[in-house]
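**Q**
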Amino acid sequence: MKGADEVLLAVDIQNDFMPGGALAVAHGDEIVPVVNRLARAFSHVVLTQDWHPRGHISFAANHAGRAPFETTTLAYGEQVLWPTHCVQDTEGAALHRDLDVPHARLVIRKGHHADVDSYSAFVEADRKTPTGLAGYLRDVGVTHVYLCGLATDYCVAWSALDARRAGFAVSVIEDACRAIDLEGSLAKAWEDMTAAGVGRIDSSALPAR
Ligand code: VGL
Ligand code: ZN
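What the sequence shown shows, in UniProt numbering, is residues 1 to 209, in sequence order.
1. Judging by CA-CA distance, which residue of V123, V116 and D192 is the nearest neighbour of D153?
2. Got a sec? Which residues, its chain only, sit under 8 Å from A208 by beta carbon, not counting five neighbours each side?
3. With respect to the alpha helix (DSSP H) encompassing E91, which residues constitute its N-terminal and C-terminal limits?
4. Can you say whether S204 is buried or exposed, counting buried as having 16 or more other CB atoms within 10 angstroms of its CB?
5. Taking just the CA atoms, how far does A10 sit from F122?
6. Apply the 10 Å Cβ neighbour rule to A93 and answer buried if 16 or more other Cβ atoms are within range, or exposed otherwise.
7. Output the boundary residues of the alpha helix (DSSP H) element that contains L133.
8. In chain order, what residues have a CB nearer than 7 Å to some heavy atom of the ligand ZN?
9. Please report the distance separating the alpha-carbon of D12 from that of L137.
10. Taking only heavy atoms of the ligand MN into account, decide whether any of them is closer than 7 Å to the Cβ of Y76.
11. Report the rounded CA-to-CA distance for K128 versus A22, giving the unit in angstroms.
12. Mind checking which residues open and close the beta strand (DSSP E) that includes R164?
13. How close, in whole Å, do the beta carbons of H63 and H112 come, if the pair is a contact with beta carbons under 8 Å?
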């Protein structure tokens, strides 16, 4: 069993990122049993939810004449324009029904500011606004963050990089993640994570409970 200084951060395991969802990640549903098994080995689990208002700036539908997966430049930099997804309090934003983590202590919702996206569970896309997660984890004595969830190359990678910047030891559990992989984004994400000292591990390296 993992101790009080280690947390499993399970990122965005939500219906809209599952096959058939609004922003489907291929094979995203395959991670659910892996995450359920992993979670039993951690006394401390934190979940995240992508949680956007309907008018969110990351939605292509809110930019006249623009299509999903195009990019645009916003006040804080480049932004991929996504299909409308994870709208607050919709079925698409709900956690996958088979996710079984009754002992999860905190669910952190991100991307709730209409004019700023937040792939990261730690700092919003303006690179200034904290979500409060780093302070919470420090406060409860966490030093090592293990990540799983969706999508490897966006919310998992950005969260992993920010966890490193915040001073945590970080490991990404690769077989408990799936990627969107837009124009090489997955290879780039692993390059950036490896350079930042993020560990790349398999769930078989962790205790079963
Ligand atoms: C995500 C794109 C847009 C993710 C969230 O969870 O990786 N990707 N919003
Ligand atoms: Zn989003």
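Each residue gets a CB set at the ideal place from its N, CA and C atoms; glycine is no exception.
**A** Short version:
1. As a working note, residue 153 is residue 153 in the sequence shown. Answer by Cα proximity: D192.
2. Residue mapping note: residue 208 aligns to position 208 of the sequence shown, counting from 1. Taken in chain order, the residues that qualify are R37, R40 and A41.
3. As a working note, residue 91 is residue 91 in the sequence shown. First-last for E91: undefined, no H or E at that position.
4. As a position in the sequence shown, residue 204 is number 204, starting the count at 1. Within a 10 Å sphere around the beta-carbon of S204 sit fewer than 16 other beta-carbons, which makes this residue exposed.
5. Here the question's residue 122 lines up with position 122 in the sequence shown. Here the question's residue 10 lines up with position 10 in the sequence shown. Distance between F122 and A10, taken at the CA atoms: about 13 Å.
6. Here residue 93 corresponds to residue number 93 of the sequence shown, with the count starting at 1. Around the C-beta of A93, 16 or more other C-beta atoms lie within 10 Å, and the residue is accordingly described as buried.
7. Start at 1 with the first residue of the sequence shown, and residue 133 comes out as number 133. Its alpha helix (DSSP H) spans residues L133 to D139.
8. Proximity to the ligand ZN was defined by a C-beta distance below 7 Å to any of its heavy atoms, and the residues meeting it, in sequence along the chain, are D50, H52, S58, W82, H85, C86, G111 and D117.
9. Counting from one through the sequence shown, the residue named residue 12 turns up at place 12. Counting from one through the sequence shown, the residue named residue 137 turns up at place 137. Approximately 18 Å, taken between the alpha carbons.
10. With respect to the ligand MN, the structure shown offers nothing to examine, as its ligands consist of the ligand VGL and the ligand ZN.
11. For the purposes of this step, residue 128 is taken as the residue at position 128 of the sequence shown. For the purposes of this step, residue 22 is taken as the residue at position 22 of the sequence shown. It is roughly 28 Å from the alpha-carbon of K128 to the alpha-carbon of A22.
12. Along the sequence shown, one-based indexing puts residue 164 at 164. For R164, no beta strand (DSSP E) encloses it; the enclosing alpha helix (DSSP H) starts and ends at A157 to R165.
13. Here residue 63 refers to the residue found at position 63 when the sequence shown is read from its first residue. Here residue 112 refers to the residue found at position 112 when the sequence shown is read from its first residue. Rounded, the Cβ-Cβ distance is 19 Å, inconsistent with contact.
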